[in-house]
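In what follows, a structure is listed as structure tokens, so that the remarks can point back to it.
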Amino acid sequence: LSRIILLSGKASSASLLCDLSLSALISLLHFEGGAFYLLSEDKKTSVMASHVGLSEEFIREFSVIDPNEYPFLYKEEKPLFTNNLSYIMPDFSEKWGIGGSAFIPVLSGNRILGSIHLISKKPALVSIEEKEILLGIGREIGNGLARLFDQNQLVQERKNLENLVQSIGDMV
1 LSRIILLSGK
11 ASSASLLCDL
21 SLSALISLLH
31 FEGGAFYLLS
41 EDKKTSVMAS
51 HVGLSEEFIR
61 EFSVIDPNEY
71 PFLYKEEKPL
81 FTNNLSYIMP
91 DFSEKWGIGG
101 SAFIPVLSGN
111 RILGSIHLIS
121 KKPALVSIEE
131 KEILLGIGRE
141 IGNGLARLFD
151 QNQLVQERKN
161 LENLVQSIGD
171 MV
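Sequential numbering from 1 applies to the sequence shown in my numbering.
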């Protein structure tokens, strides 16, 4: 958790934060791959911002997902941990070779910004302690993303103001 907190404070862009966070999670836990999704502003789609250990075919098929297909994440803001995905989604599990998975909401305050999807080839049991850590990581990354989004918005507003001042100067 401290490693993720450090990353979220130092990242200079949302894409860098997504990449670093996902790589750190996979290296620290027993997962072999995953994806980081960011929710669009209109909340109609969630776009894969980062991925590790996924096939090109999987990336093409799931580069954009519909948040309505993941109501536990995007409406209820709850995680889902499956130690054996074949019990819940046997066809999906067999097609993609996924045994275990974790879906973690990325939150800032009461606002959902995206989700982290982690996978393992073998069934994977996530301990209660790991679940709590993953939920904390989702909140930390969410706060880091919110900070970056706010900074980007400030920069854009500053540019707009400078353009306005320049336009007024040109008109005079």
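Virtual Cβ for every residue (Gly too), placed ideally from N, Cα, C. This structure is a prediction, so every number in the text was calculated from the model and none was measured.
Among the residues of its own chain, which have a CB less than 7 Å from the CB of residue i, if the five just before and after it don't count?
i	result
VAL52	LEU22, SER23, ILE26, GLY33 and GLY34
PHE58	TRP96
GLU69	none
Go through its chain and collect everything with a Cβ distance to residue i's Cβ below 6 Å, but skip five positions before and after it.
i	result
PRO105	LEU73, GLU77, ILE112, SER115 and GLY138
VAL155	At VAL155, the pLDDT of 49 sits below 50, so the modelled position is not reliable; the number obtained from the coordinates is stated separately. Answer for VAL155: no residue qualifies.
ILE65	SER46
CYS18	PHE36, ALA49 and SER50
LEU118	PHE31, GLY34 and ALA102
ASN143	SER108
So residue i is in the beta strand (DSSP E); what residue range does that whole segment cover?
i	result
ILE104	100 to 108
LEU54	Run containing LEU54: none; DSSP gives neither H nor E here.
If you compare alpha carbons, which of the options is closest to residue i?
i	options	result
SER101	LYS131, GLU57 and GLY144	LYS131
LEU80	ILE128, SER13, LEU28 and ARG60	ILE128
ARG60	TYR70, ASN68, PRO71 and VAL47	VAL47
PHE36	ALA14, PRO123 and LEU29	ALA14
SER55	ILE88, VAL126 and ILE98	ILE98
SER63	ASN84, LEU39, ASN83 and THR82	LEU39
PRO123	MET89, GLU41, LEU28 and LEU16	MET89
VAL126	ASN110, PHE149, PHE92 and ASN84	ASN84
Could you name the residues that DSSP lists as bridge partners for residue i?
i	result
MET48	TYR37
ARG111	SER108
PHE81	ALA102
SER127	Looking at the DSSP assignment, SER127 forms no beta bridge with any residue, so it has no partner.
LEU118	GLY34 and ALA102
VAL137	For the record, residue 137 in the displayed sequence is Ile; it is not Val. Per DSSP, none; premise fails for ILE137.
Name the two residues that bound the continuous alpha helix (DSSP H) containing residue i.
i	result
LEU20	14 to 28
SER93	90 to 96
PHE72	71 to 74
Excluding the 5 residues flanking residue i on each side, which residues of the same chain have their C-beta closer than 8 Å to its C-beta?
i	result
GLU94	SER86
LYS43	PRO67 and TYR74
Beta carbon of residue i: closer than 8 Å to some heavy atom of the ligand MN?
i	result
VAL64	What this structure holds is no ligand at all, so the ligand MN is not there to describe.
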